[in-house]
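The listed protein sequences derive, respectively, from chains A and B.
Under the numbering used here, think of the first position of the first sequence as 1, with each following residue one higher.
Under the numbering used here, think of the first position of the second sequence as 1001, with each following residue one higher.
We put the CB at the ideal spot given by N, CA and C, even for glycine.
Please read all numbers here as calculations on a predicted model, not as lab measurements.
What follows is a set of notes on a single structure, which appears directly below.
2 protein chains.
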Amino acid sequence: MKIIDGGVTAAKGFQAASTAAEIKYKGRTDMAMVFSEVPCVAAGTFTTNVVKAAPVRWDQDIVYNHQGARVVICNSGIANACTGEEGFGYCRATAEAAAKALGIPEDSVLVASTGVIGMQIPIDRIANGVTAMAPNLKGTREAGLEAAKAIMTTDTEKKEAAVEIEIGGKTVTVGGMCKGSGMIHPNMCTMLGFITSDVDISKELLQEALSEDIKDTYNMVSVDGDTSTNDTVLLLANGQAGNPKITEKNADYEEFKKALNYVNTTLAKKIAGDGEGATALFEVKVIGAATKAEAVTLSKSVVTSSLTKAAIYGHDANWGRILCALGYSGVQFDPEKVDLYFESKAGKIKIIENGVSTGYSEEEATKILSEDAVTAIADMKMGDAAATAWGCDLTYDYIKINADYRS
Amino acid sequence: MKIIDGGVTAAKGFQAASTAAEIKYKGRTDMAMVFSEVPCVAAGTFTTNVVKAAPVRWDQDIVYNHQGARVVICNSGIANACTGEEGFGYCRATAEAAAKALGIPEDSVLVASTGVIGMQIPIDRIANGVTAMAPNLKGTREAGLEAAKAIMTTDTEKKEAAVEIEIGGKTVTVGGMCKGSGMIHPNMCTMLGFITSDVDISKELLQEALSEDIKDTYNMVSVDGDTSTNDTVLLLANGQAGNPKITEKNADYEEFKKALNYVNTTLAKKIAGDGEGATALFEVKVIGAATKAEAVTLSKSVVTSSLTKAAIYGHDANWGRILCALGYSGVQFDPEKVDLYFESKAGKIKIIENGVSTGYSEEEATKILSEDAVTAIADMKMGDAAATAWGCDLTYDYIKINADYRS
């Protein structure tokens, strides 16, 4: 597997464009289009929130019931969530505009929105944006990069990743972009991920690979514990690599899954590290758990604990809060067996052993916790299962962004 | 039912004392003693955290397996949590000191601690504190009030409540005090509640009344979603009111439960409104739910949502965040049926009807949300069940208290 510089246009036959449609933001791009030169197989995973935004319901229908996806149209600024039938109608209108501009079927158009909840999108501006982008589609590195910028909301950095693998003597590329900062934010909102690949694979296996992989990647990210109405990950595969088509779970499938996992993990960590107001990526590894499910529950309980997140912001080796968050997770364990470590670029330190303090150096612990990416490792000593969750510290700026956004 | 000014000494035959034992804090009281002149029946509810502090394990044994409780010894500053067998030994040593000073059995002594996790308590100072308090026990209003101050940690106000009811022609009093600010805080920590009553009641019914009532009171409070290792509510009843003993679930039992509910609700709301850094009490009422359990889940999901809490701090009628938090609670409902209101001393306003905005006045909504106690009411229109949860806004000071506490 070779890590390369790239995003949604890295794989063969994919193009991107972006434009400033003035949907809500001024003076920046706010629409992106990701286009495949040939029909794709598409897979998707969507928010589990009972309140699903219109584009989520539109895409679920396209991914589950239609063939030959060609394009994703995404806007930032307005989420098209809690907008009733009128909002759903605007998804159709967007698809119509894209179909006309690109000469493709309406049911090959996927849509995604991120931004304010409860406000209708200005469909004329969306349609104009689509018309403006269509002739500018390019397969260049620059076009992918600009698309990654256009979908940003409170994100402070564009988020892209790409890798190359070899399958049956052919180079297969998986690349993607995402946005997400607060899990949901009424002015900006939502985690969106768009992954493209030139792999040749059956629709069933593409969906299965994605559905499995998000459990270990995007689903292990928490910025604030709030699950958006718009969360969407779309994965398009257009077969242009010319690899022997993957139709069973063989070594080729495993190789593709590794590439997909690298792209998704990289993007997920970028979302966590760029959490609203965050100064540090906070990684929680639980090892020695009895089952994978318990490892997931334990690691997520720590990564979502407000007190732990505030302690990370304070560069404070506050193991009591971590042990406490493990304790209220709902998983049974013996607190007097737990070992806990902190790790970062600056080193690794054992903080508690068998549930009590090791008498570690506070100075050394603070040094380790002062890096911009820190890891807590909890060894439950109950079995062999492990899980990793990603989040960020809880800071003054999180409050500022979410309470004072009108100022 | 008559609301009276009072706390743990309001009921007949209860005395209190407090002292500055210098366990960790300087220049303030940090120990309290609540004493009954005669043996009590005792009930208790304790943290569900797998990691249970030593005093929790001590009290569980006393409440479940012993008769005739006489005294509660509480210290602030150090939590005696994650302290292993040594910490549990200190509970026994505290009981020994109290037994000696008061001339009562060791197994009639309850203990409680709140403060830093992972540090051993200085047992000599605790024992000296017990010896100092014993001769100063008084049944006065002042003694109760001073006890309520001594157990405070990050609390900004002492928390007391008391009521009188009449049972069989006799005046029965229920009074109490509590502390709690962050649900857990490593330097300070924990929700503790001590309720006293002169009611004559069987141990079984006392426990049942408490166990039921905390579901609607303390268990509906969330400051930060973190469940402490030390959370404890103790209820002592000494029978000194002389009422016909309550041994079955008759009208007298119901009357006592109402009084207990008033005291617990009042204390619970005081904890929520005094959450770390809070500027407002945030109440969430869910009505029209299909079941009580679903109403509880829905209301707690909203009251613990960081984004909603930050919006309350910003006086922002951010209904999208509330609908979203209802949506990810795990309860199934039709988003296009939900009505939402905001209410405070300044008025009541309908924000959404059937899942979409009513086109309310933002100015009026902001005015309502600018009070120091605000209520969100969500009508799910699915049935008759309701629940109320209490929390607070999420502010800069929460971060300051929990990240920068060393400064």
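- In this structure, LYS52 (chain A) lies near THR229 (chain A), with their beta-carbon atoms less than 8 Å apart.
- Look at the stretch 1153–1171 of chain B: it has no residue with a C-beta under 7 Å from a C-beta of chain A.
- What GLY1115 (chain B) touches in chain A, judged by beta-carbon distance under 7 Å, is nothing: the nearest beta carbon there is about 11 Å away.
- Beyond the five residues adjoining it in sequence on each side, ILE1117 (chain B) comes within less than 6 Å, by CB distance, of ALA1079, ALA1081, CYS1082 and PRO1186 in the same chain, given in chain order.
- Interface with chain B (8 Å Cβ-Cβ cutoff): GLY327 (chain A) is included.
- At least one C-beta of chain B is nearer than 8 Å to the C-beta of CYS82 (chain A).
- At a C-beta separation below 8 Å, THR1048 (chain B) has these neighbours in chain A: TYR328.
- Chain B has a Cβ within less than 8 Å of the Cβ of GLN332 (chain A).
- If you check the CB distance, LEU1298 (chain B) and LEU1326 (chain B) come in under 8 Å.
- Rounded to the nearest angstrom, the Cβ distance from GLY44 (chain A) to GLY175 (chain A) is 17 Å, too far for a contact under 8 Å.
- Ranked by how close their Cα comes to the Cα of ALA98 (chain A), the residues A:VAL111, A:GLU86, A:PHE88 and A:ASP252 have A:VAL111 in first place.
- Within the stretch 265–340 of chain A, the complete alpha helix (DSSP H) runs of at least 4 residues fall at 292–303, 306–313 and 319–327.
- With distances taken between CA atoms, LEU1267 (chain B) lies nearest to B:GLY1193 out of B:ARG1125, B:ASP1316 and B:GLY1193.
- With contacts defined as CB atoms closer than 8 Å, GLU86 (chain A) and ALA95 (chain A) fail to qualify as a contacting pair.
- For SER1076 (chain B), no CB of chain A lies under 8 Å from its own CB, so it is not counted at the interface with that chain.
- Shown here for VAL1130 (chain B): same chain residues with a beta carbon closer than 8 Å to its own, the five before and five after excluded, namely MET1031, MET1033, ILE1073, THR1094, ALA1097, ALA1098 and ALA1101 in chain order.
- The alpha-carbon of TRP1319 (chain B) is positioned some 29 Å away from that of SER329 (chain A).
- In this structure GLY275 (chain A) is in contact with SER181 (chain A), their Cβ atoms being roughly 6 Å apart against a cut-off of 8 Å.
- Using a Cβ distance threshold of 8 Å, SER1211 (chain B) and VAL1303 (chain B) do not count as a contacting pair.
- Under the rule that a run must span 3 or more residues, the beta strand (DSSP E) segments found entirely inside the stretch 1058–1089 of chain B read 1069–1078.
- According to the DSSP assignment, SER1211 (chain B) belongs to the alpha helix (DSSP H) that extends over 1203–1216.
- Looking only at A:PRO55, A:SER361, A:ALA259 and A:ILE399, the smallest Cα-Cα distance to TYR1313 (chain B) is reached by A:ILE399.
- Between ILE349 (chain A) and ASP155 (chain A), the alpha-carbon positions lie close to 32 Å from each other.
- Counting only the Cα atoms, ASN1250 (chain B) lies some 47 Å from THR1366 (chain B).
- Taken through DSSP and simplified to helix, strand or coil, THR1388 (chain B) comes out as strand.
- In terms of beta-carbon proximity, LEU236 (chain A) stays away from the interface with chain B, with every pair separated by 8 Å or more.
- Taken atom to atom, the span from the alpha-carbon of CYS1392 (chain B) to that of LYS179 (chain A) is near 30 Å.
- For THR229 (chain A), the neighbours in chain B by C-beta distance under 7 Å run, in chain order, CYS1324 and GLY1327.
- Between THR1173 (chain B) and ALA1016 (chain B) a beta carbon distance of about 14 Å is seen, past the 8 Å cut, so the two are scored as non-contacting.
- Linking ASN1238 (chain B) to VAL1199 (chain B) through their CA atoms gives a straight-line distance of about 6 Å.
- Below 8 Å, enough C-beta pairs join the stretch 1055–1063 of chain B and the stretch 1231–1248 of chain B to call them touching: three or more.
- Bounds of the beta strand (DSSP E) holding GLY193 (chain A) are 192–197.
- At least 8 Å separates the beta-carbon of SER1306 (chain B) from that of LEU1205 (chain B).
- Chain A places no beta carbon closer than 8 Å to that of PRO1122 (chain B), leaving this residue out of the contacts.
- Within the DSSP secondary-structure output, VAL1109 (chain B) pairs in a beta bridge with B:VAL1071.
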